[in-house]
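Below is one structure, written out as C-alpha cells, with a few remarks after it.
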Amino acid sequence: MNIQPLLDALGIQEDVARAMADELRTQLDKLQARLREAETHLEHLAITRKTVTALADRLPAVPPDLPEHPDYPRILSVFNDVTGPLRARDVCEALAHELLPKNIEGTRSKLKRLVKLGILTEADAGSFTRKQ
C-alpha cells in the first residue's frame, strides 16, 4: 500500500493548521496590544477622576441664579445680617413692607422658592435660615 498520498494530505493539513496558528498568534499579539492600550486609558481616566474630585472640593460653590425680582437680593441680605432663623413676618419687617397678610404671604412664597433653589432651609414650619 502506498501511504505517500496520505502523508501529502497530512502535510497540506499541517501547513493549513500552521498558517492558521500563525494568523491567530498575530491577531493575539494585536489584541494584547489593544488590551494594554485600553488598560492604560482606564488608568488615566481613574487618575483624572481622582484629580477632578479632589479639585472639586476646592472650587467655590456657585450660587443658583435668583429669580428676577428685586426682593430676592434684599431677602438674602436680611439673612446675611442675622444668625438665627426668621419667619416671613420678620423678613417683611426687615424689608420695610407693610405687615399685611398679602405681603407676608408673598414673602413666605419667596422664602419657599429660595428653599427650593437650595439657598435657604426651612428649619421648622415657617422658620427659615441660610443654608450652611
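With the working numbering, the residue at position 30 of the sequence shown is 26, and numbering never jumps. Glycine included, each C-beta is placed from N, C-alpha and C at the ideal position.
The ligand NAP and H93: does any heavy atom of the ligand fall closer than 7 angstroms to the residue's C-beta? This structure does not include the ligand NAP; it has no bound ligands of any sort.
Compare the Cα-Cα distances from T125 to each of A92, H93 and S73 and report the closest residue. S73
Looking at the strands, I want to know which residues DSSP matches up with F75. In DSSP, F75 forms no bridge with anything.
Give the secondary structure of A50 by DSSP, where H, G and I count as helix, E and B as strand, and everything else as coil. helix
Per DSSP, what kind of secondary structure is L116 in: helix, strand or coil? strand
When the distance is taken between beta carbons, is I71 closer than 8 angstroms to R85? Their beta carbons are not under 8 angstroms apart, which means R85 does not touch I71 by this criterion.
Start-end ranges of the alpha helix (DSSP H) lying completely within the segment 86 to 117, minimum 4 residues: Taken in chain order, the complete alpha helix (DSSP H) segments of 4 or more residues contained in the segment 86 to 117 are 97 to 112.
Is the beta carbon of F75 less than 8 angstroms from the beta carbon of L38? Against a cut-off of 8 angstroms, the Cβ pair of L38 and F75 comes out as no contact.
Under three-state DSSP, which class holds L20? helix
Over the uninterrupted beta strand (DSSP E) stretch that includes R126, give me the two end residues. S123 to R126
Check whether the Cβ atoms of L107 and V87 sit closer than 8 angstroms, and answer yes or no. yes
Quick check on DSSP: helix, strand or coil for L3? Note: L3 maps to helix in three-state DSSP.
Look at the alpha carbon of L27 and the alpha carbon of A52, and state the distance between them as a whole number of angstroms. 37 angstroms
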